[in-house]
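Residue numbers (the numbering used here): 194 to 296. We treat Cβ as the ideally placed atom computed from N, Cα and C, and that holds for glycine.
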């Protein structure tokens with residue numbers, strides 16, 4: 194499993210339109226080969242900072258995702274308002290999600 198964590202900082206005056214465009218990316222991306230998880234989050238303290246969590250079957254599937262028409266359209270439309278884009282890629286070290294729910 195290939196996981197990507199992405200931080201995207203945009204101009205404050207464009208944050209709402211970027212958020213709407215991110216929501217529109219989810220359905221077509223989840224339909225792509227190898228996509229297991231694709232979700233966006235918005236920072237509570239800075240509404241112009243977005244986080245994306247992605248899980249793919251392989252790095253090749255993620256690389257293919259980057260060249261899809263919907264991602265390229267997003268980048269063309271919003272590239273000029275992106276102030277910072279940071280990404281980290283990882284493989285799963287642990288997979289125990291329920292441990293924090295113990296009594």
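Looking at residue j and residue i, is the spacing between their C-beta atoms short of 8 Å?
i           : j           : result
residue 256 : residue 226 : no
residue 258 : residue 222 : yes
residue 238 : residue 244 : no
On a Cα-Cα basis, can you pick out the residue from the options that is closest to residue i?
i           : options            : result
residue 234 : 194, 199, 224, 282 : 199
residue 281 : 252, 229, 269      : 252
residue 210 : 268, 250, 247      : 268
residue 277 : 246, 284, 229, 201 : 201
residue 215 : 270, 287, 285      : 270
residue 285 : 237, 263, 242, 248 : 248
residue 240 : 213, 223, 287, 263 : 213
residue 279 : 258, 195, 203      : 203
residue 246 : 287, 228, 263      : 228
Can you list, in chain order, the residues of its chain whose CB lies under 8 Å from that of residue i, leaving out five sequence neighbours each side?
i           : result
residue 219 : 231, 232, 233
Between residue i and the rest of its own chain, which residues show a CB-CB distance below 6 Å, the 5 nearest in sequence each way excluded?
i           : result
residue 207 : 274
residue 272 : none
residue 283 : 196
What does DSSP give as the partner residues of residue i in its beta bridges?
i           : result
residue 219 : According to DSSP, residue 219 bridges with nothing at all.
residue 195 : 249, 284
residue 232 : 246
residue 203 : 275
Got a sec: is the Cβ-Cβ distance from residue i to anything in chain C below 8 Å?
i           : result
residue 227 : In summary, chain C is missing from the structure at hand, where a single protein chain is found.
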